[in-house]
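*Asks:*
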Amino acid sequence: MKFKQASQKEREEMLFPIILKALKKLGGQSNINDLKKEIALYSDDLGEFTTFEKMSRGNNLYRPFDYVFNFAVASLGFADFLYHPERGVIELTEKGRTFDFDKLDVERDIRKLANPKWDERKQQKKNKIKASEKDIDNTDAEIEDEPEADWKGDLAQSLNAFTPAKFELFARLLVKKMGVELDETLGTKLTGDGGIDGFGYLTTGDFRTARVAIQVKRWNGAVSSPEIDKFRGAMDKYNAEYGIFITTSDYTKDAIRASRVGTRVITLINGDKIADLVSKLGIHAKPVTTYVLDDFYSSNN
Numbered sequence: 130m131k132f133k134q135a136s137q138k139e140r141e142e143m144l145f146p147i148i149l150k151a152l153k154k155l156g157g158q159s160n161i162n163d164l165k166k167e168i169a170l171y172s173d174d175l176g177e178f179t180t181f182e183k184m185s186r187g188n189n190l191y192r193p194f195d196y197v198f199n200f201a202v203a204s205l206g207f208a209d210f211l212y213h214p215e216r217g218v219i220e221l222t223e224k225g226r227t228f229d230f231d232k233l234d235v236e237r238d239i240r241k242l243a244n245p246k247w248d249e250r251k252q253q254k255k256n257k258i259k260a261s262e263k264d265i266d267n268t269d270a271e272i273e274d275e276p277e278a279d280w281k282g283d284l285a286q287s288l289n290a291f292t293p294a295k296f297e298l299f300a301r302l303l304v305k306k307m308g309v310e311l312d313e314t315l316g317t318k319l320t321g322d323g324g325i326d327g328f329g330y331l332t333t334g335d336f337r338t339a340r341v342a343i344q345v346k347r348w349n350g351a352v353s354s355p356e357i358d359k360f361r362g363a364m365d366k367y368n369a370e371y372g373i374f375i376t377t378s379d380y381t382k383d384a385i386r387a388s389r390v391g392t393r394v395i396t397l398i399n400g401d402k403i404a405d406l407v408s409k410l411g412i413h414a415k416p417v418t419t420y421v422l423d424d425f426y427s428s429n430n
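Quick note: the sequence shown uses this note's numbering, first residue 130, plus one each step.
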């Protein structure tokens, strides 16, 4: 069954073993973004669905996969397969590390344990369901979004709405902040459709300088392997030793494989990684610190 055509419940049940196996492959612990990337590699069908976007009733783009993922992770947590050691990080419990996933029975091992806790949460929060959750198939419970979800969604929408000139300005700043010194005589347009969109030089910590070819694409669909092959050909033309391919969307499984072929691996940067770089490098973004009160303040005694 195709993941996109499956019902919400069927999607969750398809995702349960994939999440557990992906976590195990990543060493038992992972941040949410890396876990999603690993899940996307499971199959082309699933990889495409992870980047599929839909318009909500409020005219905002969102990814249905994120809701399925959040529900599945919460259910696995209720069933004691995983937990959150810190915000944005998921780790297998002892049960999750030692369980034989090939013998996983969804009803017995997950639903039977998770459903009572979902019912309890629904009862506790029945008056606090977020209005935005009306746009998804399953509205039986409230799921905490990733802490970065809101601003990352805003960033993605803003980048897609930029004029070509403003997007080029952003792309230039991003590449510069990554440590690449652009060559103004070669491929200076970072939003074109040529073989490369930029060329520059990257000096490493041991003072070695490499020639870098850059491709920047603002796409809605996932970048496929032919685009990676075309870019590699352009790298040869410019004698580039290193390649950086940037897209606001994501990459197919075959594209990721193609980027690793040969002696010159191409660094792939997708929409999520762009957001990580915007945060890390402070590109027109700054953190906001707040506090959450613990249970001490919930009682008068």
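Here a beta-carbon is modelled for each residue, glycine too, at the ideal position from N, C-alpha and C.
Is it right to say residue 349 is buried, meaning 16 or more other beta carbons lie within 10 angstroms of its own, or is it exposed?
*Replies:* exposed
*Asks:* Spatial neighbours of residue 170 within its chain, please: CB distance less than 6 Å, with the 5 preceding and 5 following residues excluded, ordered by chain position.
*Replies:* 382
*Asks:* CA-CA distance, residue 132 and residue 328?
*Replies:* 39 Å
*Asks:* Report the CB separation of residue 162 from residue 401 in whole angstroms; it is logged as a contact under 8 Å.
*Replies:* With a Cβ gap of about 5 Å, residue 162 and residue 401 count as contacting.
*Asks:* Three or more C-beta pairs under 8 Å: does that hold for the stretch 356 to 364 against the stretch 388 to 398?
*Replies:* In short, these stretches touch, since the Cβ pair count reaches three.
*Asks:* Is it true that the CB of residue 341 sits closer than 8 Å to the CB of residue 375?
*Replies:* no
*Asks:* Where residue 326 and residue 287 are concerned, what is the direct C-alpha to C-alpha distance, given to the nearest angstrom?
*Replies:* 21 Å
*Asks:* Do residue 399 and residue 380 have their beta-carbon atoms positioned less than 8 Å apart in this structure?
*Replies:* yes
*Asks:* Applying the criterion that 16 or more other CB atoms from any shown protein chain within 10 Å of the CB defines a buried residue, is residue 225 buried or exposed?
*Replies:* buried
*Asks:* Can you tell me whether residue 260 is buried or exposed, with buried defined as 16 or more other CB within 10 angstroms of its CB?
*Replies:* At residue 260, the pLDDT of 48 sits below 50, so the modelled position is not reliable; the number obtained from the coordinates is stated separately. The residue is exposed, with fewer than 16 neighbouring Cβ atoms inside 10 Å.
*Asks:* Rounded to whole angstroms, what is the Cα-Cα separation between residue 148 and residue 231?
*Replies:* 13 Å
*Asks:* Please classify residue 339: does DSSP put it in a helix, a strand, or coil?
*Replies:* strand
*Asks:* For residue 391, is the classification buried or exposed, using 16 other Cβ atoms within 10 angstroms of its Cβ as the cut-off for buried?
*Replies:* exposed
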